[in-house]
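Numbering-wise (the numbering used here), the sequence shown opens with residue 1 and increments by one. Below you'll find the structure, written out as structure tokens, and then a few comments.
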Amino acid sequence: MPNDTLIVIPARLSASRLPGKPLAMIGDAPMIVHAWRKAVEAEVGPVVVAAGDQEIVDAVRAFGGVAVLTDPGLPSGTDRVWSAVRTYDPSGRFARVVNVQGDMPFVDPGFVGTCAALLLRSDCDISTLAARDNTPGAGANPNTVKVVLSSQDQDGSFEAIWFTRSDLYPGFSILKHVGIYGFRRAALERFCGLEPSLLEKRESLEQLRALGGGLRIRAAEVANVPISVDTPEDLDLAREEHIRAQEGKQ
1 MPNDTLIVIP ARLSASRLPG KPLAMIGDAP MIVHAWRKAV EAEVGPVVVA AGDQEIVDAV
61 RAFGGVAVLT DPGLPSGTDR VWSAVRTYDP SGRFARVVNV QGDMPFVDPG FVGTCAALLL
121 RSDCDISTLA ARDNTPGAGA NPNTVKVVLS SQDQDGSFEA IWFTRSDLYP GFSILKHVGI
181 YGFRRAALER FCGLEPSLLE KRESLEQLRA LGGGLRIRAA EVANVPISVD TPEDLDLARE
241 EHIRAQEGKQ
């Protein structure tokens, strides 16, 4: 990878379903620190946490990480990422930005690299990931974001042509969206300057704002969906996963 890629992890304490979750302990460290460690392992570029609260900044720095304090009133994680990019890199050295979610404490570092690599294509403004899901009822679950892809290109990637919470093809396996994003810096700036679209508001999906604004999204299919912590039950699963991983190292 070129050395012009920056990884940013947005995080804030006021999550509606699990307040304070970035600082929830998983084993030896807060969840946000686990996400930061995985992003560092990707070896794609510097890693910065875009924190909406000073407590998150302090926690990340206590483990040797870099964190930038952002306005807690920003409307979305993507806006938080863009704010941190401008603060950390005002001169514009980094032309590509990968947004890794702070509530994915065990994300595969290779996934981060895949998103970064897609941004090298001239026809890619935004990159993301998808994974096959054969779970019965997954398509009908509105909490599962589905992605519709075009035909596969020679490098194995696809053009993402739609995202939805609806069940478009009942009875068939779905491609579940994996919420890691890569942005060309210019595309990130443009996206944050767009007004939320009607379709975005109806589906509560920012990706539809990007598509409606003419930004091109490419996706790669990956083998699995990382654990995403949104509820107390998810946090319990993450802690169990961490224990299993530690036992496997012994």
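Just so you know, even glycine gets a beta-carbon here, dropped at the ideal spot from N, CA and C.
N-terminal and C-terminal residue of the beta strand (DSSP E) that residue i is part of
i	result
LEU6	5 to 11
ALA223	From DSSP, ALA223 is part of no beta strand (DSSP E); its letter is neither H nor E.
VAL66	66 to 69
VAL44	First-last for VAL44: undefined, no H or E at that position.
Per DSSP, the bridge partner or partners of residue i
i	result
LYS176	ALA131 and LYS146
ARG218	SER127 and GLU159
GLY182	VAL98 and SER127
MET25	PRO30
ALA51	ALA11 and LEU69
Buried or exposed by the 16-neighbour rule on C-beta atoms within 10 Å, applied to residue i
i	result
ASN99	buried
LEU188	buried
GLY137	exposed
PHE94	buried
THR70	buried
GLU43	exposed
ALA206	Per the sequence shown, the amino acid found at residue 206 is Glu instead of Ala. Burial call: buried.
SER91	exposed
GLN101	buried
LYS38	buried
ASP58	exposed
ALA220	buried
LYS249	exposed
LEU251	As shown, the chain starts at 1 and ends at 250. That puts residue 251 outside it, with no answer to give.
Residue nearest to residue i in terms of C-alpha spacing, selected from the options
i	options	result
VAL178	SER151, VAL145 and ASP58	VAL145
ALA130	VAL222, ILE7 and PRO226	VAL222
CYS192	GLY102, LEU208 and GLU203	LEU208
LYS201	ARG165, PRO30 and ALA50	ARG165
PHE172	PRO10, GLN54 and ASN134	ASN134
ALA11	ALA24, PHE111 and ARG185	ALA24
ARG142	GLU247, PRO105, LYS176 and GLY248	For the sequence presented, residue 142 should be read as Pro rather than Arg. Here the closest residue by C-alpha is LYS176.
ASN3	GLY212, PRO46 and TRP36	PRO46
VAL60	ALA35, PRO72 and PRO196	ALA35
ASP108	ILE227, ILE126 and ILE243	ILE227
Range of the contiguous alpha helix (DSSP H) that encloses residue i
i	result
ALA62	54 to 62
ALA117	109 to 118
ALA245	232 to 249
ALA15	No alpha helix (DSSP H) contains ALA15, which DSSP labels as neither H nor E.
VAL81	77 to 88
VAL212	In the sequence as presented, Val is not what sits at residue 212; that position holds Gly. Note, GLY212: alpha helix (DSSP H), 207 to 212.
ARG202	198 to 203
Proximity test, Cβ basis, 9 Å: residue i and chain C
i	result
ALA35	Protein chains in the displayed structure number just one, and chain C is not present.
| alpha helix (DSSP H) segments (min. 4 residues) lying fully within the segment 137 to 169 | none
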